[in-house]
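Report on the following structure.
There are 2 protein chains.
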Amino acid sequence: MADTALELRSEIKKEGKLEISLAEVPMPDPAEDEVLVRVEASPINPSDLGLLFGMADMTTATVAGAGNDAVVTADVPENLMKALGPRLDQSLAVGNEGAGVVVKAGSSEIAQELMGKTVAILGGAMYAQYRCIKAKQCLLMHDGVTPAEGASCFVNPLTALGMVETMRLEGHTALVHTAAASNLGQMLNKICMKDEVGLVNIVRKQENVDLLKGIGAKYVCNSSLDSFIDDLVDALVETGATLAFDATGGGKLAGQILTAMEIAANKTAKEYSRYGSTTHKQVYIYGGLDRSPTTFNRAFGMAWGIGGWLLTPFLTKIGPEETEKLRQRVAAEVNTTFASSYTSEVSLAEVLTLEAIAIYGKQATGEKYLINPNKGM
Amino acid sequence: MADTALELRSEIKKEGKLEISLAEVPMPDPAEDEVLVRVEASPINPSDLGLLFGMADMTTATVAGAGNDAVVTADVPENLMKALGPRLDQSLAVGNEGAGVVVKAGSSEIAQELMGKTVAILGGAMYAQYRCIKAKQCLLMHDGVTPAEGASCFVNPLTALGMVETMRLEGHTALVHTAAASNLGQMLNKICMKDEVGLVNIVRKQENVDLLKGIGAKYVCNSSLDSFIDDLVDALVETGATLAFDATGGGKLAGQILTAMEIAANKTAKEYSRYGSTTHKQVYIYGGLDRSPTTFNRAFGMAWGIGGWLLTPFLTKIGPEETEKLRQRVAAEVNTTFASSYTSEVSLAEVLTLEAIAIYGKQATGEKYLINPNKGM
Numbered sequence: 002m003a004d005t006a007l008e009l010r011s012e013i014k015k016e017g018k019l020e021i022s023l024a025e026v027p028m029p030d031p032a033e034d035e036v037l038v039r040v041e042a043s044p045i046n047p048s049d050l051g052l053l054f055g056m057a058d059m060t061t062a063t064v065a066g067a068g069n070d071a072v073v074t075a076d077v078p079e080n081l082m083k084a085l086g087p088r089l090d091q092s093l094a095v096g097n098e099g100a101g102v103v104v105k106a107g108s109s110e111i112a113q114e115l116m117g118k119t120v121a122i123l124g125g126a127m128y129a130q131y132r133c134i135k136a137k138q139c140l141l142m143h144d145g146v147t148p149a150e151g152a153s154c155f156v157n158p159l160t161a162l163g164m165v166e167t168m169r170l171e172g173h174t175a176l177v178h179t180a181a182a183s184n185l186g187q188m189l190n191k192i193c194m195k196d197e198v199g200l201v202n203i204v205r206k207q208e209n210v211d212l213l214k215g216i217g218a219k220y221v222c223n224s225s226l227d228s229f230i231d232d233l234v235d236a237l238v239e240t241g242a243t244l245a246f247d248a249t250g251g252g253k254l255a256g257q258i259l260t261a262m263e264i265a266a267n268k269t270a271k272e273y274s275r276y277g278s279t280t281h282k283q284v285y286i287y288g289g290l291d292r293s294p295t296t297f298n299r300a301f302g303m304a305w306g307i308g309g310w311l312l313t314p315f316l317t318k319i320g321p322e323e324t325e326k327l328r329q330r331v332a333a334e335v336n337t338t339f340a341s342s343y344t345s346e347v348s349l350a351e352v353l354t355l356e357a358i359a360i361y362g363k364q365a366t367g368e369k370y371l372i373n374p375n376k377g378m
Numbered sequence: 002m003a004d005t006a007l008e009l010r011s012e013i014k015k016e017g018k019l020e021i022s023l024a025e026v027p028m029p030d031p032a033e034d035e036v037l038v039r040v041e042a043s044p045i046n047p048s049d050l051g052l053l054f055g056m057a058d059m060t061t062a063t064v065a066g067a068g069n070d071a072v073v074t075a076d077v078p079e080n081l082m083k084a085l086g087p088r089l090d091q092s093l094a095v096g097n098e099g100a101g102v103v104v105k106a107g108s109s110e111i112a113q114e115l116m117g118k119t120v121a122i123l124g125g126a127m128y129a130q131y132r133c134i135k136a137k138q139c140l141l142m143h144d145g146v147t148p149a150e151g152a153s154c155f156v157n158p159l160t161a162l163g164m165v166e167t168m169r170l171e172g173h174t175a176l177v178h179t180a181a182a183s184n185l186g187q188m189l190n191k192i193c194m195k196d197e198v199g200l201v202n203i204v205r206k207q208e209n210v211d212l213l214k215g216i217g218a219k220y221v222c223n224s225s226l227d228s229f230i231d232d233l234v235d236a237l238v239e240t241g242a243t244l245a246f247d248a249t250g251g252g253k254l255a256g257q258i259l260t261a262m263e264i265a266a267n268k269t270a271k272e273y274s275r276y277g278s279t280t281h282k283q284v285y286i287y288g289g290l291d292r293s294p295t296t297f298n299r300a301f302g303m304a305w306g307i308g309g310w311l312l313t314p315f316l317t318k319i320g321p322e323e324t325e326k327l328r329q330r331v332a333a334e335v336n337t338t339f340a341s342s343y344t345s346e347v348s349l350a351e352v353l354t355l356e357a358i359a360i361y362g363k364q365a366t367g368e369k370y371l372i373n374p375n376k377g378m
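If you read the sequences in order, they're chains A and B. In this text, residue positions in the first sequence follow the working numbering: the first is 2, and each later residue adds one. In this text, residue positions in the second sequence follow the working numbering: the first is 2, and each later residue adds one.
Take a look at the structure:
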């Protein structure tokens, strides 16, 4: 085994420049309760982009050098620098999740049992050739599952499961989901079909209506049609959904959903309530595909909420026991309910190219990269 | 006692017209556990205007007839009619709260004990000469308190107390309040000073800064100044406030508050968190002084929420025992902490004039009407 390994880093300089590069770091040595994992597959998820790009304007990106020595540079808009204060001039490792093979293990039983096994990890710093991590954080893949198949065990699967669990915990009975043709959205459809939960999918293109109908979705509303609000109200009346998860964040969509929920609630109301329906209507924004301001008319009474939703605090809230149940469900259904697909497998060096940046800067297009940090090594 | 009494009614016709008029209704007769109250004082609060005006455009208001026979008519914008569906063609009584004297009581002990007493009521339909209501819903005024002094025992006092209780229940330690020079805002300052709770007041005019400083407010930020965000951040750092109550609803203010809370949280953060500060930041919108769309950039991480807040569901949530404690505090401090003042005392007929509508259509100006339905009778 080499003495050093490559790791992708993102740094924002005080001067307002983003730099993405590969760092050569000492090969980690696992402690008693740790294992060393050779990372073979780690996806670039939308949730990785915040840390990776640090709000820089990637249309200004340039690349200096080549291969493992390439450095990507881009400008960070001045008005965003204030919010980035705490991360300035720090070289940060990136990559939320991935999978690989345990190549070295600490002396504890739990670590030794994983030797040679394929494991999936949610732990950050996964865009690296090697990741040293506590054995108990590893999710053991079932026999025959490859690192590529196990690469996306957490972010999308646990988020989709977390949406359904949040629905149950907060007393709702059906869901709305936007940007619903995404990898995550398709998973959510599979979960809801399996668990018999009503799901209203919102997409912007007819091809995505067809895609979701093709995998069995019952309610798919196209927000580009003039009939969108009416279609949405009909689906909300039928499903009774009063909770939405919105991946777009910006624009009018969150408000439109609350308005449609209010109309749906009033359609079945028996008497006029002066402050609108008393049914609590909630939209959680969990992504930011649309970076424009969020804007809404408050034409949906007073029983409503819009808020951020993030996987990690949710898992903290439900606690380790419930979290483990969700993890084990993912491991058991990794090639069915939670199967992911990718358009390209790339090396760490291949991430540091303008072509790659142009593609993963637009995840909504359907392009999805899987990094193999040990590709060709 | 007469056989009939006057009551103010609001009705929206299917054709898109609002009508406000006085109805002559049979004098109610109290059941065993009820009392009949001669209403002598009932305020026009901002929270009454939704039911009273039904989203009609009051600049189109006209008056036909005069005195008790006057009928105010105004147009309801067509795009708002859908949301008003459940109240169409129903003549609705108006007036959330008020006070008066018990003139007739049912046979039960609890009702008989109130005979001749001055009581305050939160029950709706208070813009009426007489209100029949369950004895246990009445809040008995202490000796010597007049109906005019007890008219506003609930909406503003319980809302202000509800804000402080919400702060405690949801784990915050200090508050932000907008439109803070209002009657409610002044009460909130008095409560927070008494209870030693940090309070950041936001106002739009220097005269309101002076007003609040004059009653002892420590933190008052003027949103019209260029230094507003910096001033707000400083006050948030000093108080640690992570919960705001916003009376305006529209525009950018709610988002600015969340952004300032995020900056304040990051000022004390020890390491960079990729999704922003993990401190939950919350804004509750409880009013709609600004009817323009709510709009915000989501530059405040993922631990945030914006939602509607309304007194009645809050009281339901804390339950009857806690609610009674709050009511008794109001009764005890009605002439100190919870004292209200009004610019005019008007009769029911005087409400049905264009002059009155022009004034109470703009509560933010500081004009505040007190209706005495038995004025001159």
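The beta carbon of each residue, even a glycine, is placed where N, CA and C say it ideally should be.
For B/Cys193, the three-state DSSP class (helix, strand or coil): Stepping through the second sequence from its first residue, residue 193 of chain B is reached at position 192. DSSP places B/Cys193 in helix when its eight states are reduced to three.
Take A/Cys193 and list the residues in its own chain whose beta-carbon comes closer than 6 angstroms to its own, dropping the five residues that flank it on each side. By 1-based counting over the first sequence, the position of residue 193 of chain A is 192. Excluding sequence neighbours, A/Cys193 sits near Leu200.
Tell me whether the beta-carbon of A/Thr167 lies closer than 8 angstroms to the beta-carbon of A/Ile203. As a position in the first sequence, residue 167 of chain A is number 166, starting the count at 1. As a position in the first sequence, residue 203 of chain A is number 202, starting the count at 1. Not in contact: A/Thr167 and A/Ile203 (Cβ atoms no closer than 8 angstroms).
Anticipated Cβ contact below 8 angstroms, A/Glu263 with A/Phe301, distance rounded: Counting from 1 along the first sequence, the entry for residue 263 of chain A is found at position 262. Counting from 1 along the first sequence, the entry for residue 301 of chain A is found at position 300. Rounded, the Cβ-Cβ distance is 4 angstroms, consistent with contact.
Cut-off 7 angstroms between Cβ atoms - residues of its own chain near B/Ala6, not counting five sequence neighbours on either side: By 1-based counting over the second sequence, the position of residue 6 of chain B is 5. Cβ neighbours of B/Ala6 beyond the five flanking positions: Val26, Met28, Ala129, Gln130 and Tyr131.
Residues bridged to B/Glu439 by DSSP? Within the shown structure, residues of chain B are numbered from 2 to 378, placing residue 439 of chain B beyond reach of any answer.
Whole-number beta carbon distance between B/Ala24 and B/Ser92, since they are thought to touch under 8 angstroms: Here the question's residue 92 of chain B lines up with position 91 in the second sequence. Here the question's residue 24 of chain B lines up with position 23 in the second sequence. Right, their Cβ atoms sit about 7 angstroms apart.
What does B/Thr296 touch in chain A if you count any residue whose Cβ is under 9 angstroms from its own? The residue you call residue 296 of chain B lines up with position 295 of the second sequence. Near B/Thr296 (Cβ distances below 9 angstroms), the residues of chain A are Pro294, Thr295, Thr296 and Phe297.
Measuring straight from C-alpha to C-alpha, what distance separates B/Asp235 and B/Arg205? As a working mapping, residue 235 of chain B is identified with position 234 in the second sequence. As a working mapping, residue 205 of chain B is identified with position 204 in the second sequence. C-alpha separation (whole angstroms): 18 angstroms.
Cα-Cα separation between B/Asp211 and A/Pro44, rounded to whole angstroms: Taking the second sequence and counting its residues from 1, one reaches residue 211 of chain B at position 210. Taking the first sequence and counting its residues from 1, one reaches residue 44 of chain A at position 43. Approximately 57 angstroms, taken between the alpha carbons.
Check whether the Cβ atoms of B/Ile311 and B/Thr324 sit closer than 8 angstroms, and answer yes or no. Numbered from 1 along the second sequence, position 310 holds the residue referred to as residue 311 of chain B. Numbered from 1 along the second sequence, position 323 holds the residue referred to as residue 324 of chain B. With the sequence shown as reference, residue 311 of chain B is identified as Leu, and Ile is not the correct amino acid for it. For B/Leu311 and B/Thr324, no; Cβs fall outside 8 angstroms.
Output the boundary residues of the beta strand (DSSP E) element that contains A/Asp247. Here the question's residue 247 of chain A lines up with position 246 in the first sequence. Where A/Asp247 is concerned, the enclosing beta strand (DSSP E) stretches over Leu244 to Asp247.
Mind checking which residues open and close the beta strand (DSSP E) that includes A/Pro47? Here the question's residue 47 of chain A lines up with position 46 in the first sequence. Residue range Pro47 to Phe54 is occupied by the alpha helix (DSSP H) that includes A/Pro47, with no beta strand (DSSP E) assigned at that position.
Exposed or buried, B/Asp232, counting other C-beta atoms within 10 Å across all chains shown (16 or more means buried)? Residue numbering aside, residue 232 of chain B sits at position 231 when the second sequence is read from its first letter. Its Cβ being crowded by 16 or more others within 10 Å, B/Asp232 is buried.
Cβ contact check for the stretch 181 to 191 of chain A and the stretch 332 to 342 of chain A: 3 or more pairs under 8 angstroms: yes
Distance CB(A/Thr60)-CB(A/Thr74) smaller than 8 angstroms: In the first sequence, counting from the first residue as 1, residue 60 of chain A sits at position 59. In the first sequence, counting from the first residue as 1, residue 74 of chain A sits at position 73. Not a contact, by the Cβ cut-off of 8 angstroms.
Is the distance from the Cβ of B/Pro31 to the Cβ of B/Cys139 below 8 angstroms? Residue mapping note: residue 31 of chain B aligns to position 30 of the second sequence, counting from 1. Residue mapping note: residue 139 of chain B aligns to position 138 of the second sequence, counting from 1. Against a cut-off of 8 angstroms, the Cβ pair of B/Cys139 and B/Pro31 comes out as no contact.
Using a C-beta to C-beta distance shorter than 9 angstroms, which residues of chain A count as neighbours of B/Tyr131? Here residue 131 of chain B refers to the residue found at position 130 of the second sequence. Residues of chain A with a Cβ closer than 9 angstroms to the Cβ of B/Tyr131 do not exist, since the nearest Cβ in that chain sits about 22 angstroms away.
To the nearest angstrom, how far is it from the Cα of B/Val103 to the Cα of B/Ala126? Here residue 103 of chain B is taken as the residue at index 102 of the second sequence, counted from 1. Here residue 126 of chain B is taken as the residue at index 125 of the second sequence, counted from 1. Spanning the two alpha carbons is a distance of roughly 16 angstroms.
Is B/Asn373 buried or exposed, if buried means 16 or more other CB atoms sit within 10 Å of its CB? Translated into positions along the second sequence, residue 373 of chain B becomes position 372. Burial call: buried.
Determine the closest residue to A/His173 out of A/Met142, A/Leu123 and A/Val284, with distance taken between C-alpha atoms. As a working note, residue 173 of chain A is residue 172 in the first sequence. For the set A/Met142, A/Leu123 and A/Val284, the Cα lying nearest the Cα of A/His173 is the one of A/Val284.
Considering only C-alpha positions, which residue in the set B/Glu356, B/Arg328, B/Gly68 and B/Asp144 is nearest to B/Asn157? Position 156 of the second sequence, counted from the start, is the residue given in the question as residue 157 of chain B. The shortest Cα separation from B/Asn157 among B/Glu356, B/Arg328, B/Gly68 and B/Asp144 belongs to B/Arg328.
Output, in sequence order along the chain, the residues in the stretch 298 to 317 of chain B whose CB is closer than 9 angstroms to any CB in chain A. Asn298, Arg299, Ala300, Phe301, Gly302, Met303, Ala304, Trp305, Gly306, Ile307, Gly308, Gly309, Trp310, Leu311, Thr313 and Pro314
Going by the CB atoms, is the gap between A/Lys18 and A/Asp90 shorter than 8 angstroms? Locating residue 90 of chain A in the first sequence gives position 89, counting from the first residue. Locating residue 18 of chain A in the first sequence gives position 17, counting from the first residue. Going by C-beta atoms, A/Asp90 is not nearer than 8 angstroms to A/Lys18.
Could you check the C-alpha separation between B/Ile13 and B/Gly289 for me, to the nearest Å? Taking the first residue of the second sequence as 1, we reach residue 13 of chain B at position 12. Taking the first residue of the second sequence as 1, we reach residue 289 of chain B at position 288. Each residue's Cα considered, the two are about 21 angstroms apart.
Boundaries (first-last residue) of the beta strand (DSSP E) holding A/Gln283: Taking the first residue of the first sequence as 1, we reach residue 283 of chain A at position 282. Start and end: Lys282 to Ile286.
Using C-beta distances below 8 angstroms, list every residue in its chain close to A/Leu254, excluding the 5 sequence neighbours before and after it, in chain order. Translated into positions along the first sequence, residue 254 of chain A becomes position 253. Take A/Leu254, set aside five residues on each side of it, and the residues of its chain with a beta-carbon closer than 8 angstroms to its own are Thr179, Ile203, Ser224, Asp247 and Asp291, in chain order.
Cβ-based burial, B/Ala359 [other Cβ within 10 Å; buried from 16]: Numbered from 1 along the second sequence, position 358 holds the residue referred to as residue 359 of chain B. Classification of B/Ala359: exposed, given that the 10 Å Cβ count is below 16.
I'd like to confirm the pairing. Which residues does DSSP put opposite B/Pro44 in its beta bridges? Taking the second sequence and counting its residues from 1, one reaches residue 44 of chain B at position 43. DSSP, once it has assigned bridges, lists B/Leu371 as partnering B/Pro44.
Please name the residue or residues paired with A/Ile319 in a DSSP beta bridge. What you label residue 319 of chain A is simply residue 318 of the first sequence in a count that begins at 1. In the DSSP output, where bridge partners are listed per residue, A/Ile319 has none listed.
For A/Leu85, which three-state DSSP category applies? One-based indexing of the first sequence puts residue 85 of chain A at position 84. If DSSP states are grouped into helix, strand and coil, A/Leu85 belongs with coil.
Give me the Cα-Cα distance between B/Glu334 and B/Ala121, rounded to the nearest whole angstrom. One-based indexing of the second sequence puts residue 334 of chain B at position 333. One-based indexing of the second sequence puts residue 121 of chain B at position 120. For the pair B/Glu334 and B/Ala121, the Cα-to-Cα distance works out to about 14 angstroms.
If we require 3 or more residues per run, which beta strand (DSSP E) segments fall completely within the stretch 287 to 354 of chain A? 291 to 297, 305 to 309 and 345 to 347
Which residues of chain A have a Cβ atom closer than 9 angstroms to the Cβ of B/Gly289, listed in chain order? As a first step, residue 289 of chain B is located in the second sequence; it is residue number 288 there, counting from the start. Chain A residues near B/Gly289: Arg299.
Would you kindly report the start and end of the unbroken alpha helix (DSSP H) that includes A/Arg205? Residue numbering aside, residue 205 of chain A sits at position 204 when the first sequence is read from its first letter. Run containing A/Arg205: none; DSSP gives neither H nor E here.
With a Cβ-Cβ cutoff of 8 angstroms, do A/Gly306 and B/Gly308 count as a contact? Locating residue 306 of chain A in the first sequence gives position 305, counting from the first residue. Locating residue 308 of chain B in the second sequence gives position 307, counting from the first residue. For A/Gly306 and B/Gly308, yes; Cβs fall inside 8 angstroms.
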